[in-house]
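As structure tokens, the structure follows; a few thoughts come after it.
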Amino acid sequence: MKQLLLVCVTVASLLFSNNAQSQVKIGHFDEQSLLSLFPGLEQTMDSVMNTYLRDSLNVEYAYSVQDYQRRDSIFKKDSATMPAKAREMALSDLNRLYYKIANWQQYSQEMQQDKMERLLAPYRQQMFTALQQIVAEQKYTWVLKSESLSPYVQPSILDNLTIRVAMKLNLPLSKEIMDAWKAAGGTVPANTGAKPATPAPKKN
Numbered sequence: 025m026k027q028l029l030l031v032c033v034t035v036a037s038l039l040f041s042n043n044a045q046s047q048v049k050i051g052h053f054d055e056q057s058l059l060s061l062f063p064g065l066e067q068t069m070d071s072v073m074n075t076y077l078r079d080s081l082n083v084e085y086a087y088s089v090q091d092y093q094r095r096d097s098i099f100k101k102d103s104a105t106m107p108a109k110a111r112e113m114a115l116s117d118l119n120r121l122y123y124k125i126a127n128w129q130q131y132s133q134e135m136q137q138d139k140m141e142r143l144l145a146p147y148r149q150q151m152f153t154a155l156q157q158i159v160a161e162q163k164y165t166w167v168l169k170s171e172s173l174s175p176y177v178q179p180s181i182l183d184n185l186t187i188r189v190a191m192k193l194n195l196p197l198s199k200e201i202m203d204a205w206k207a208a209g210g211t212v213p214a215n216t217g218a219k220p221a222t223p224a225p226k227k228n
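In the working numbering, each number is its position in the sequence shown, counted from 1, plus 24.
Encoded structure:
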């Protein structure tokens, strides 16, 4: 394990130390950190997701339970006189509804995740469009996920593409980050005052 750790640290160290000495240029990017910089996004997402849970998923659950009870009652009353095919189809519908209700927590989590992904899609599109432009402009060879970096390796802040994308999208950065950026020789683009074009998530 120690040998593997040493190899990982050594490789990462070589990658970043060679940045300035070769044509290989490596940056790192953190999607979640950048999403957290969009003003009001977290509060908006919480509001939309709470509404979705209350007005959509909870309503769907109540309807599914009622639908199951209704179908089950009809099946128990009429199954003996049903044609074989009709009985088979009715039983299949009952089993499908029962499975959905019995596994509702998993179903609900999957639906909420899908809803969140769709809400975040326009923000992610902005982020990755800006990231692609920066990679091309700054001639980066590789872009790593920030979470994959070894804690034993400290790359230059100038290779933190999360910061570069935030600047390109005119997102707010802390004074500490800006001071460290300037101290490392980073340039700060002129602030146009323009806000990122982020459409508000739909309520439905």
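Glycine included, C-beta positions come from ideal geometry on N, C-alpha and C. No experiment lies behind these values; they were computed from the predicted model shown.
- The beta carbons of Ala208 and Ser180 sit about 6 angstroms from each other, so the pair counts as a contact at 8 angstroms.
- Within the same chain, Cβ atoms closer than 6 angstroms to the Cβ of Gly51 are found at Tyr164, Val167, Asp183, Leu185, the five residues on either side in sequence being excluded.
- For the pair Leu197 and Leu144, the CB atoms are not nearer than the 8 angstroms cut-off.
- Taking all protein chains shown into account, Gln150 has 16 or more neighbouring C-beta atoms within 10 Å of its C-beta and is therefore buried.
- Taken in chain order, the complete beta strand (DSSP E) segments of 3 or more residues contained in the segment 130-216 are 166-169.
- A check of alpha carbon separations from Pro63 across Val212, Pro213, Leu193, Lys199 identifies Leu193 as the nearest.
- Around the beta carbon of Phe53, 16 or more other beta carbons sit within 10 angstroms, so the residue counts as buried.
- Judged by DSSP secondary structure, Phe62 falls outside any alpha helix (DSSP H); it is assigned neither H nor E.
- For Val159, same chain residues with a beta-carbon under 7 angstroms away, outside a window of 5 residues either side, are Val167 in chain order.
- Listed as beta-bridge partners of Ile50 by DSSP are Trp166.
- According to the DSSP assignment, Arg78 belongs to no alpha helix (DSSP H), since it is labelled neither H nor E.
- Take the alpha-carbon of Lys49 and the one of Gln178: they are about 15 angstroms apart.
- CA-CA distance, Tyr176 to Ser57, rounds to 21 angstroms.
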